[in-house]
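The numbering used here puts the first residue of the sequence shown at 1223, with every later residue one more than the last.
One structure is given here, and the rest of the page talks about it.
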Amino acid sequence: MTISSFKPGMHANGSSSEALAAGQDPLEGQFEVIRDLLYSIAGIRLTEAKRDLVRARLTRRLRKLGGGSVTGYVEFVQTPQGRSELTEMVDILTTNKTSFFREANHFDFLQRVLSERPASAGPPTIWSAGCSSGEEPYTLAMVLSHHGRLRRGSAGRILATDISDRVLAHAREGVYDREQVEPVPEDMRKVYLRKAKDPDQVEVSPALKEMIRFGRLNLMGDWPMSGPFDAIFCRNVMIYFDNPTRETLAQRFTELLTPGGYLFVGHSESLTSLKHGLRYVQPAVYRR
Ligand SMILES: C[S@@+](CC[C@H](N)C(=O)[O-])C[C@H]1O[C@@H](n2cnc3c(N)ncnc32)[C@H](O)[C@@H]1O
1223 MTISSFKPGM HANGSSSEAL AAGQDPLEGQ FEVIRDLLYS IAGIRLTEAK RDLVRARLTR
1283 RLRKLGGGSV TGYVEFVQTP QGRSELTEMV DILTTNKTSF FREANHFDFL QRVLSERPAS
1343 AGPPTIWSAG CSSGEEPYTL AMVLSHHGRL RRGSAGRILA TDISDRVLAH AREGVYDREQ
1403 VEPVPEDMRK VYLRKAKDPD QVEVSPALKE MIRFGRLNLM GDWPMSGPFD AIFCRNVMIY
1463 FDNPTRETLA QRFTELLTPG GYLFVGHSES LTSLKHGLRY VQPAVYRR
């Protein structure tokens, strides 16, 4: 890591732990800078309510780096040498909460509509945009394989992307605690999950992993793939974006969907009042 050139402890403001101990706010004056950086890079809007979370996560990060002030850190991540630490900062400030079979009716819905697809159309192509640690694309792969919509040899039909390298590394590894896979139905667990080295964990089967192509992609940047996709899952990601950003994304997703393809968003999200070329089907499901 290029962090070797970062000497946060030498900053005039002292370390963030010292500031905390002296009753000062280590974030003083920096929250706004961090908020603007995160917005310009990842489109994520940090609300005032996130101040404590930002303070806690940056203080922990600085402790791991050997100390230093938040001010020094924020200056550093904006220098050319601080580029990879900037990626790290975005990573630690994003929310990666996810689970297997989250908002499960989406998977039933998709497998039902795919059952009407003629066999000659071949296996479907799906994009999990903002896939976090992999539970969403693995759920898709399990459900679609279980119902015969994806077969062995359907390698890479699911594209799964995220801005965070950390969650992508976890997703590629495909190892989860036993309690995390509890939502996976028993019959699917037997086929698609196997023992991991640690007896308290399980690993996704190689056949399932093969169906998914993981890659880093910032939704705010260029999208190198041309699609088209039969379905795009972008669930619980746009919730952190403002309306103009959501609208642009919804339009970009529309262009990448096959005519008749589906966009799934999180249940607490809505594209109502935004301009896009999609038709509302049911809560959190839209169709091109
Ligand atoms: C709360 S998780 C949702 C995971 C999964 N889709 C689900 O619903 O369970 C949101 C994910 O979006 C990712 N994310 C946030 N901003 C992003 C961006 N600009 N580009 C790509 N991914 C982003 C985060 O890293 C995080 O893993």
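Using N, Cα and C, we set each Cβ at its ideal position, and we do this for glycine too.
Quick caveat, the model's predicted, so the values are computed rather than measured.
For Gly-1294, the enclosing alpha helix (DSSP H) starts and ends at 1292–1299.
Excluding its 5 nearest sequence neighbours in each direction, Asp-1452 has C-beta neighbours in its own chain below 6 angstroms: Pro-1346, Thr-1347, Thr-1480 and Gly-1483, listed in chain order. At a cut-off of 6 angstroms, the beta-carbon of Arg-1457 counts as near ligand 1: some heavy atom of the ligand is closer than that.
DSSP places Asp-1330 inside the alpha helix (DSSP H), whose first and last residues are 1327–1337. In the DSSP assignment, Thr-1383 is bridged to Ala-1351 and Gly-1437.
Looking at the DSSP output, Gln-1504 shares a beta bridge with Val-1507. When the Cα atoms are used, Asn-1465 and Ile-1266 turn out to be separated by approximately 11 angstroms.
Under the DSSP definition of a beta bridge, Tyr-1398 partners with Val-1424. Distances from the CB of Ser-1367 to the heavy atoms of ligand 1 are all 6 angstroms or more.
Between the stretch 1351–1367 and the stretch 1428–1437, the count of Cβ pairs shorter than 8 angstroms is three or higher; the stretches touch.
Going by beta carbons, Glu-1425 and Gly-1396 fall inside the 7 angstroms limit. One thing to note: Gln-1333 has its Cβ no nearer than 7 angstroms to the Cβ of His-1392. Here Val-1487 is bridged, per DSSP, to Cys-1456. The bridge partners DSSP lists for Leu-1415 are Val-1426.
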